[in-house]
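Using this note's numbering, the letters of the sequence shown map in sequence onto residues 149 to 431. Just so you know, even glycine gets a beta-carbon here, dropped at the ideal spot from N, CA and C. Just so we're clear, the structure is a prediction, and the values are computed from it rather than from any experiment. The next block holds one structure in the form of structure tokens; read it before the comments.
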Amino acid sequence: MKLLFAKTLKKHREEAGFSTAYQFFHKNGGEGYLKTSYRMYLHIEHGKFLPPFKDLPLYMYALHIMPGTSSGINFLTAWFKAAYGEEAFGTLLAPILIKSPEESVASPLHKAIDKLLMDRTFHISHKQLGAIARNRSNALCWTALCNDEEAWKAKDLAATLGISLTESGNSLRELAKAKLIKRLKTGAYKFPMAGAMIEYPPPHSSTAEISKRLLAIRNEMIASGRLMFRRSGIIRASLLKLVNCFPLLSLNVSTAQTYATFRKEKDSALFGVECKVVKIRDF
């Protein structure tokens with residue numbers, strides 16, 4: 149029965165954009181995040197062992213599976229069946245578990261866009277996230293280079309971003325050391341995968357402060373801009389049903405990537421695109 153969970157794990161791993169087990173393990177922080185060695189992870193994916201139940205939230209975050217969604221419940225169901233057997237699961241656990249909700253509604257267009265974006269994805273490790281969020285200058289330089297196909301020298305980047313030459317030089321060297329960008333023979337720096345979908349690592353207690361710092365920098369950048377569009381509303385809904393809309397909302401934000409340009413145009417600019425759902429109160 150462990151093969152059932154192994155097949156489910158591999159399926160979600162590939163759907164999340166990780167073509168190999170090695171890529172998934174190391175891009176998500178390796179042993180420090182998944183609480184197991186790479187060798188043991190391979191045993192899990194090959195159906196020889198199961199991860200501890202307490203570590204499943206880590207796997208779900210890394211696989212971009214939202215708790216409470218159909219994918220989340222099916223993932224947990226596969227683990228329970230593998231751990232206790234299908235007969236025991238059906239007799240003892242299935243009757244007391246919440247019925248799996250309907251799949252998240254997604255049009256064929258959304259599914260096609262999701263596949264298109266995942267076909268060319270740049271996964272950022274926890275270590276690389278630390279380099280980006282180390283300071284405002286690093287975050288600004290990373291934002292600029294990952295949105296441009298050209299090579300930049302420290303002097304030109306400093307003038308464009310409104311930071312000092314020292315700041316831009318230090319940031320470019322740090323980002324290159326973290327293997328986020330490459331230094332060319334000309335002395336300029338370039339992000340080699342311009343146009344790729346950037347996937348940041350899942351949240352983890354060890355990187356909570358880093359993620360908080362990066363969010364603060366991004367919020368500062370967004371607050372300094374001009375509002376171009378807003379659509380909002382307040383609804384009353386079942387939480388268990390509403391969570392199945394989250395993957396679709398997430399994909400809608402990602403869809404904006406299809407409009408991205410990676411060269412200077414007459415009216416090109418950096419835009420902040422976000423979507424959030426806030427639970428106001430029980431009602």
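Span of the beta strand (DSSP E), counted from its first residue to its last, around HIS459 = What is shown of the chain runs 149 to 431, which leaves residue 459 out entirely.
Next item on the list: Report yes or no: do the segment 383-397 and the segment 332-344 share at least 3 C-beta pairs separated by less than 8 Å?
Entry: no
So MET345 is in the beta strand (DSSP E); what residue range does that whole segment cover?
-> Counting from 1 along the sequence shown, the entry for residue 345 is found at position 197. Unbroken beta strand (DSSP E) run through MET345: 345-347.
_Going by DSSP in three states, ARG187 sits in which element: helix, strand or coil?_
On the sequence shown, position 39 is the one that residue 187 refers to. Residue state, collapsed to three classes: helix.
Buried versus exposed call for ARG187 [16 or more other C-beta atoms within 10 Å across all chains shown]:
Taking the sequence shown and counting its residues from 1, the one referred to as residue 187 is at position 39. With fewer than 16 other Cβ atoms within 10 Å, it is exposed.
*asked:* Using 9 Å as the threshold, is the C-beta distance between TRP290 and LEU328 below it?
replied: Within the sequence shown, numbered from 1, the residue matching residue 290 stands at position 142. Within the sequence shown, numbered from 1, the residue matching residue 328 stands at position 180. In contact: TRP290 and LEU328 (Cβ atoms closer than 9 Å).
Check your understanding: Can you pull the DSSP bridge partners for TRP300?
Key -> Within the sequence shown, the letter at position 152 stands for residue 300. Note: TRP300 sits in a beta bridge opposite TYR337.
Using the Cα positions of ILE383 and GLY420, report the straight-line distance between them to the nearest angstrom. As a position in the sequence shown, residue 383 is number 235, starting the count at 1. As a position in the sequence shown, residue 420 is number 272, starting the count at 1. Rounded to whole angstroms, ILE383 to GLY420 spans 25 Å at the Cα level.
From TRP227 to GLU234, what distance separates their C-alpha atoms? Indexing the sequence shown from 1 puts residue 227 at position 79. Indexing the sequence shown from 1 puts residue 234 at position 86. Distance between the alpha carbons of TRP227 and GLU234 is about 10 Å.
Exercise. In terms of residues, what are the limits of the alpha helix (DSSP H) holding ARG161?
Worked result: Taking the first residue of the sequence shown as position 1, residue 161 is located at position 13. Its alpha helix (DSSP H) spans residues 150-163.
*asked:* I'd like to confirm the pairing. Which residues does DSSP put opposite ARG331 in its beta bridges?
replied: Counting from 1 along the sequence shown, the entry for residue 331 is found at position 183. Looking at the DSSP assignment, ARG331 forms a beta bridge with TYR337.
Exercise. Output the distance between the C-alpha atoms of ASP203 and SER416, rounded to the nearest integer angstrom.
Key: Residue numbering aside, residue 203 sits at position 55 when the sequence shown is read from its first letter. Residue numbering aside, residue 416 sits at position 268 when the sequence shown is read from its first letter. So the alpha carbons of these two residues sit roughly 44 Å apart.
### Query
Closest by CA to ALA292, which one among ASN367, PHE197, PRO243, LEU418?
By one-based count along the sequence shown, residue 292 stands at place 144. Closest option to ALA292, Cα to Cα, is LEU418.
Checklist entry - What's the call for HIS287, buried or exposed, on a 16-neighbour Cβ count within 10 Å? => result Translated into positions along the sequence shown, residue 287 becomes position 139. As written in the sequence, residue 287 is Ala, which differs from the His given in the question. With 16 or more other Cβ atoms within 10 Å, it is buried.
Inset, instruction - Determine contact between the segment 152-167 and the segment 192-200, defined as no fewer than three beta-carbon pairs at a distance below 8 Å. - result: yes
* Between HIS274 and THR403, is the Cβ-Cβ spacing less than 9 Å? -> The residue labelled residue 274 in the question sits at position 126 within the sequence shown. The residue labelled residue 403 in the question sits at position 255 within the sequence shown. The answer is no: Cβ separation not under 9 Å.
Item to complete: Please name the residue in ARG411, LYS158, LYS175, ALA169 whose C-alpha comes closest to that of GLU347.
Response: For the purposes of this step, residue 347 is taken as the residue at position 199 of the sequence shown. Checked all of ARG411, LYS158, LYS175, ALA169; the closest Cα to GLU347 is LYS175.
Self-check item: Cβ-based neighbour list, GLN276, same chain, cut-off 6 Å, excluding 5 preceding and 5 following
Solution: Residue mapping note: residue 276 aligns to position 128 of the sequence shown, counting from 1. Within the same chain, GLN276 has close Cβ partners ALA326, LEU328.
On the three-state DSSP scale, how would you describe ASP430?
Here residue 430 refers to the residue found at position 282 of the sequence shown. Three-state result, ASP430: coil.
- Task: Under 7 Å Cβ to Cβ from ILE358, same chain only, skipping five residues before and after it: list those, please.
- Result: The sequence position of residue 358 within the sequence shown is 210, counting from 1. Closer than 7 Å at the Cβ level, and outside the excluded window around ILE358, lie LEU277, GLY278, ALA281.
* Cβ distance (whole Å) where SER285 is taken to contact SER319 below 8 Å -> Residue mapping note: residue 285 aligns to position 137 of the sequence shown, counting from 1. Residue mapping note: residue 319 aligns to position 171 of the sequence shown, counting from 1. Contact flag correct, Cβ pair sits at about 5 Å.
**Prompt:** What three-state label does DSSP hand LYS414 in the structure shown?
**Reply:** Within the sequence shown, residue 414 is the residue found at index 266, counting from 1. Judged by DSSP in its simplified three-state form, LYS414 adopts coil rather than helix or strand.
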